[in-house]
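J.: One structure, pasted below without further comment.
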Amino acid sequence: MSADAPVPLVALLDHADWQQVKVLASSPAPTLMVGGVSLVADIRGRAADLEGHLLTVLQPPLRDDWHIDVLIQTAAAGGASALLIGDSSPLSQPSSLLAARVGLTVLGADDPLTAALAARRLVSEADLHASETVLRVTSMAARSGEGVEDVMKAVGSVLRRPLALVAAGGDTLLGADVVMEEDRETVARTLTAVAARSRVTERVELSGSALLIAHPVPPTTARDATMWLVARLPHDLPAESAALSAALSVAAAVIGQRASLRRLAVERDARARASLLGELLNAPDDLAPTTRRRALEAGWRLDGWHLGIRIDTGPDVDPVAQRPELISALHEEGLEAVVVEQGDGWSAWITSEDEPRGADVEARAGQIRRAQRRLSTTTATAVGVGRCHAGPRGVARTLGEAGEAARLAAGRVASGRFLHVDRLGLGQTLLAWTRTDTFQPAARSLLAPLEDQPGDLLHTLTTYLDEESSVSETAAILGIHRNTVSQRLTRIRSLLAVDLADPSERLALHLACRTIWIPPSDVS
Amino acid sequence: MSLPVSRTLRAADLEALAVGLCLLGSGGAGDPHPFSSVLRSQLGDGELVLHAPTELAGASVVPVGMVGATSVFTEKLPHGGEFGAAVAATGRWTGASPDAVMAIETAGLNGVTALVAALHLGLPYVDADLAGRGLPRLDQLTWVAAQLALTPCALAFPGGHTMVLDRASPTEVERTIRSALAGTGGWAALALAPGPAASLDETACVGTLGRALDLGRAHGSLRMMADAAEVAEVLGGEILGEGRVHDVLRHTSDGGLQSESSVTVLDRHGPVLRIETENEFLMVLVDGQPRATVPDLICLLDRRTNRPLAVDALRRGDEVFVLVLPAPAWWLASGHVERVSPAAFAIDCPPLLLEGRS
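As given, the protein sequences belong to chains A and B, one line each in that order.
So in our numbering the end of the first sequence lands on 524, straight run, no missing numbers.
So in our numbering the end of the second sequence lands on 358, straight run, no missing numbers.
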């Protein structure tokens, strides 16, 4: 691309180097091409070669000078594509009327030399522009901060075009909105996971004259999702799109490398946290001094009161990668928690100096529930919250309770898969579990034979089991003779074919009774 | 130019004369109409002879005129004695009384002032002047081009006081008079040092008043709503465009002293005309190309009535003819055209004249 390649004037006007250039008269047609740049010192100057050129006047003219008219006429007669003058204030009436009459686009810029040189580079020196762009992107990217965002910002400052990381299918993951709604389908068709594997730059022509240049980000591991580094151009300016293609491939490689470095560091930290928590949970009463020290270094306070939180995710979620999202969700609700990746989810706890009051704990639980809801836009979770316990041992206990609660919460769709142990007590929590959708049908079928029988057999059985298998107490509570109770129990044994002396069977029956029939005192 | 033959002027000619003087004013030089009514009452039923210089060979002729703001002149009218006072002052200074009167500038207002002065002083009028058209500065007069002194000269102000200026270069005369005017009433009657009538054929524009009368009479023969070709034919010039005044862009230069403007006329056939002005119309560009300049007479005429329009009277929306008439012959014949060319008005464009184009 060393020969002159005429470019549309509208594309030049949209280029970042031409931000200062304004159209003063006769907006250019989309087909108006610029094939070269001619410079004259002032408005009295005459350029030899005008045909298809951008005639640039370096010295700012007096706004009302009639020489501008002469220049407009000469430029139009010589076939110039446009006239650029060193003054971006509006043209005088006669000049703009004349420009409209002869159909010459007049542009104004406060620094016409810079604009003219930029145009010349884009028109005549595409290779130079591309290599310069790549060099600058390389040096900026190398000097940028650690994060992927830092690299994007540095590269964006060189390219001065909207830049984004886009997933296969067109979702923007990071950066500007480069994929408009109406272009989604076109983008999804081109930027596929399969295309990304070939590691070549893709061009996506969009509606209007806009263009996307996309380069796949090299994946760190085989199971990494496909990502494209995408820049949006309002017009296809050959010199710029060539430069961008080359620059994006460099930038994508740097972004891929930064992503993998970050992942390595994150995974190392995650492993360290998990093993530290393991030690803490295994021997909370007898912590080795090194463990204490590591906990201190990790910023964990082992003294004070701890409120445990267990967040369970499905197996599809990567807790290491998603940890920042959980932390920020908690943070946005005003919670600063220690979060440790454990299995399919996270264990977390919040430490306070003094034993929190009931109302405080309630408030915390509310915040945790809201954080869970925040997180639910990307990740479905089941969350359990334990009670407050003190000291290193307390961490283990509250996390244990939270774990139980999370397991129960998983089955409780109605409560948003959230459960706080403190509210009901652990026993009630377990009992609550029996009222889940899985247990209830089983309980119903177990007790089904008692239905439609004379005598309140279900009530009698429940009261009998509640009163520790005491016939006389049962009789007293129900207000019937104890022989009646004994007789009913005999009928129950025969109808259900169970042995009420067997602890397991008795427990099963008791749970089943509780599930189906709730005594009035338990309704709260 | 026709041979100078003496002609007469009657009250009936004054309307034609005023229009002709406006055309010679090229948009400037002031409106002759208010003062021509003074002339009308002085003429009465009589007539004024416009002598050719050759008829008065041996006579000394004093050039008179009014300097300063023409607009002030119409507000602060003369009492009539100013020209006499100025001429008397030069007479006292030189010790010789003039035998005849001529005009400094036969264009616009000053075309009439010299006639009034001649009647007032009772001296014959010589149809010759030092400009041939509207010119803004005293150092542009033909005598200056011909290396003649403007001094001693005298100014008489409407307040009654008089100023005599001697041994000053033309540039100094111009500068001194401007500053004197700024400090007094805004206008003054000026009489230059008298010169011999015999040399006027070489040193002055002869017959300009006759030309004004001819132009005015020709103009009077034009119908209302005459078309462009007819106007050009009858007035002996060229129409560069006809259309609506789209914009009058006024700006000042020279530290605000000189008022300039750019008049944009949208020709009804498409072209964009731009007329650069100072006190007078100086240059016409058609579609960005210079087409006419001083010293040719650029005039804007009302397209309906053909009435000449002054620079400062032009308004957006006026329908106009852009007319150009030949420059006074003296400037071209004498080889001093550069003194009244665009360059003399700080316009870097060579003179583009009707003469020599065809």
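Note that CB positions come from ideal geometry on N, CA and C, so glycine has one too.
Please report the distance separating the alpha-carbon of residue 200/B from that of residue 103/B.
T.: Position 200 of the second sequence, counting from 1, holds the residue named residue 200/B. Position 103 of the second sequence, counting from 1, holds the residue named residue 103/B. In a straight line, the C-alpha of residue 200/B is about 12 Å away from that of residue 103/B.
J.: Is the closest heavy atom of the ligand ADP to the C-beta of residue 85/B under 7 Å?
T.: Looking for the ligand ADP in the displayed structure turns up nothing, as the structure carries no ligands at all.
J.: CA-CA distance, residue 77/B and residue 286/B?
T.: Counted from its first residue, the second sequence places residue 77/B at position 77. Counted from its first residue, the second sequence places residue 286/B at position 286. Approximately 40 Å, taken between the alpha carbons.
J.: Skipping 5 residues on each side, what residues in its chain have a beta carbon closer than 7 Å to that of residue 87/A?
T.: One-based indexing of the first sequence puts residue 87/A at position 87. Counting only Cβ-Cβ distances below 7 Å, and skipping sequence neighbours, we find 60, 61, 63 and 108.
J.: Could you round the C-beta distance between residue 572/A and residue 124/A to whole angstroms and report it? I think they count as a contact, below 8 Å.
T.: Outside the displayed span of chain A (1 to 524) sits residue 572/A, for which this structure offers no information.
J.: Classify residue 225/B: buried if its beta carbon has 16 or more other beta carbons within 10 angstroms, exposed otherwise.
T.: For the purposes of this step, residue 225/B is taken as residue 225 along the second sequence, with counting starting at 1. Exposed is the call here.
J.: Does any CB atom of chain A fall closer than 8 Å to the CB of residue 249/B?
T.: By one-based count along the second sequence, residue 249/B stands at place 249. Yes - at least one Cβ of chain A is within 8 Å of the one on residue 249/B.
J.: How is residue 3/B classed by DSSP in three states: helix, strand or coil?
T.: By one-based count along the second sequence, residue 3/B stands at place 3. Below a pLDDT of 50, predicted positions are generally treated as unreliable, and residue 3/B, at 46, falls in that range; the measurement from the model is reported next regardless. Looking at residue 3/B - three-state DSSP - the assignment turns out to be coil, as it is neither helix nor strand.
J.: Which same chain residues end up closer than 8 Å to residue 341/B when comparing Cβ atoms and leaving out the 5 residues on each side of it in sequence?
T.: Counting from one through the second sequence, the residue named residue 341/B turns up at place 341. Around residue 341/B: 293, 294, 295, 350 and 351.
J.: I believe residue 285/A touches residue 387/A by the beta-carbon criterion, under 8 Å. Please report the beta-carbon distance rounded to the nearest angstrom.
T.: Against the first sequence, residue 285/A aligns to sequence position 285. Against the first sequence, residue 387/A aligns to sequence position 387. Incorrect: roughly 19 Å between the Cβ atoms, too far for contact.
J.: From the DSSP output, which residues share a beta bridge with residue 352/A?
T.: Translated into positions along the first sequence, residue 352/A becomes position 352. DSSP output for residue 352/A lists 305/A as bridge partner(s).
J.: Can you name, in chain order, every residue of its own chain whose Cβ lies under 6 Å from the Cβ of residue 174/B, other than the five neighbours on each side?
T.: Numbered from its first residue, the second sequence carries residue 174/B at position 174. Correct list, in chain order: 137, 138 and 139.
J.: Mind checking residue 137/A: buried by the 16 CB within 10 Å criterion, or exposed?
T.: For the purposes of this step, residue 137/A is taken as the residue at position 137 of the first sequence. With 16 or more other Cβ atoms within 10 Å, it is buried.
J.: By the 8 Å beta-carbon criterion, what residues does the segment 279 to 308 of chain B contribute toward chain A?
T.: For the segment 279 to 308 of chain B, the beta-carbon criterion of a distance under 8 Å to any beta-carbon of chain A is satisfied by 283, 285, 287, 288, 289 and 290.
J.: In whole angstroms, give me the CA-to-CA distance for residue 234/A and residue 358/A.
T.: As a working note, residue 234/A is residue 234 in the first sequence. As a working note, residue 358/A is residue 358 in the first sequence. Roughly 59 Å between the two C-alpha positions.
J.: Tell me the rounded alpha-carbon separation between residue 15/B and residue 23/A.
T.: If you number the second sequence from 1, residue 15/B lands on position 15. If you number the first sequence from 1, residue 23/A lands on position 23. Those two C-alpha atoms are separated by around 51 Å.
J.: Mapping the DSSP letters down to three states, classify residue 315/B as helix, strand or coil.
T.: Translated into the one-based positions of the second sequence, residue 315/B becomes position 315. Looking at residue 315/B - three-state DSSP - the assignment turns out to be coil, as it is neither helix nor strand.
J.: Which same chain residues, not among the five before or five after residue 164/A, have their C-beta less than 6 Å away from its C-beta?
T.: Mapped onto the first sequence, residue 164/A falls at position 164. If we look at residue 164/A and ignore the five residues flanking it on each side, its Cβ neighbours are 172, 175, 176, 178 and 230.
J.: Given a threshold of 16 other Cβ atoms within 10 Å of its Cβ, counted over all protein chains shown, does residue 57/B qualify as buried or as exposed?
T.: By 1-based counting over the second sequence, the position of residue 57/B is 57. Exposed, since its Cβ has fewer than 16 Cβ neighbours within 10 Å.
J.: Taking C-alpha atoms, which residue in 216/B, 354/B and 190/B lies nearest to residue 297/B?
T.: Taking the second sequence and counting its residues from 1, one reaches residue 297/B at position 297. Closest option to residue 297/B, Cα to Cα, is 354/B.
J.: Check the Cβ-Cβ distances between residue 69/A and every residue of chain B, and say whether any is below 8 Å.
T.: Here the question's residue 69/A lines up with position 69 in the first sequence. Answer yes: the Cβ-Cβ gap between residue 69/A and chain B drops below 8 Å somewhere.
J.: Applying a beta-carbon distance threshold of less than 9 Å, which residues of chain B neighbour residue 106/A?
T.: Counting from 1 along the first sequence, the entry for residue 106/A is found at position 106. The contacting residues do not exist; residue 106/A stays about 12 Å from chain B at best.
J.: Between the beta-carbon of residue 116/B and the beta-carbon of residue 35/B, is there less than 8 Å?
T.: Stepping through the second sequence from its first residue, residue 116/B is reached at position 116. Stepping through the second sequence from its first residue, residue 35/B is reached at position 35. In this structure, residue 35/B lies closer than 8 Å to residue 116/B by Cβ.
J.: Going by beta carbon distance, what residues of the same chain come within less than 6 Å of residue 267/A, once the five residues before and after it are set aside?
T.: Residue mapping note: residue 267/A aligns to position 267 of the first sequence, counting from 1. Shown here for residue 267/A: same chain residues with a beta carbon closer than 6 Å to its own, the five before and five after excluded, namely 320 in chain order.
J.: Quick one: does residue 266/B have its CB under 8 Å from some CB of chain A?
T.: Translated into the one-based positions of the second sequence, residue 266/B becomes position 266. Cβ-Cβ to chain A under 8 Å: yes for residue 266/B.
J.: Establish whether the CB of residue 350/B and some CB of chain A are separated by less than 8 Å.
T.: Start at 1 with the first residue of the second sequence, and residue 350/B comes out as number 350. With 8 Å as the cut-off, residue 350/B does not count as an interface residue toward chain A.
J.: Are the Cβ atoms of residue 215/A and residue 167/A separated by less than 8 Å?
T.: Here residue 215/A corresponds to residue number 215 of the first sequence, with the count starting at 1. Here residue 167/A corresponds to residue number 167 of the first sequence, with the count starting at 1. Taking a C-beta distance under 8 Å as the contact criterion, residue 215/A and residue 167/A do not qualify as a contact pair.
J.: Would you report the Cα separation of residue 416/A and residue 350/A, rounded to the nearest angstrom?
T.: As a working mapping, residue 416/A is identified with position 416 in the first sequence. As a working mapping, residue 350/A is identified with position 350 in the first sequence. When rounded, the distance between both Cα atoms is 22 Å.
J.: Could you tell me if residue 503/A is buried or exposed, where buried requires 16 or more neighbouring beta carbons within 10 angstroms of its beta carbon?
T.: Residue mapping note: residue 503/A aligns to position 503 of the first sequence, counting from 1. Under this definition residue 503/A is an exposed residue.
J.: Quick one: is residue 42/A near chain B, going by C-beta distance under 8 Å?
T.: Mapped onto the first sequence, residue 42/A falls at position 42. No, residue 42/A does not count as interfacial toward chain B.
J.: Measuring only the C-alpha atoms, how far is residue 62/B from residue 344/B?
T.: The sequence position of residue 62/B within the second sequence is 62, counting from 1. The sequence position of residue 344/B within the second sequence is 344, counting from 1. Approximately 26 Å between the Cα atoms of the pair.
J.: Using a Cβ cut-off of 8 Å, pull out every chain B residue sitting near residue 87/A, in sequence order please.
T.: In the first sequence, the residue the question calls residue 87/A occupies position 87. Result: empty, since nearest Cβ-Cβ is about 15 Å, beyond 8 Å.
J.: Name the chain B residues whose beta carbon is nearer than 9 Å to that of residue 97/A?
T.: If you number the first sequence from 1, residue 97/A lands on position 97. Those are 246, 247, 264, 266, 272 and 274, listed as they occur along chain B.
J.: Beta-carbon separation of residue 55/A and residue 38/A under 8 Å?
T.: Residue mapping note: residue 55/A aligns to position 55 of the first sequence, counting from 1. Residue mapping note: residue 38/A aligns to position 38 of the first sequence, counting from 1. Yes.
J.: Give me the Cα-Cα distance between residue 373/A and residue 354/A, rounded to the nearest whole angstrom.
T.: Position 373 of the first sequence, counted from the first residue, corresponds to residue 373/A. Position 354 of the first sequence, counted from the first residue, corresponds to residue 354/A. A straight-line Cα-Cα distance of about 28 Å links residue 373/A and residue 354/A.
J.: Could you confirm whether any beta carbon from chain B is found closer than 8 Å to the beta carbon of residue 18/A?
T.: Stepping through the first sequence from its first residue, residue 18/A is reached at position 18. Judged by the 8 Å Cβ criterion, residue 18/A is not in contact with chain B.
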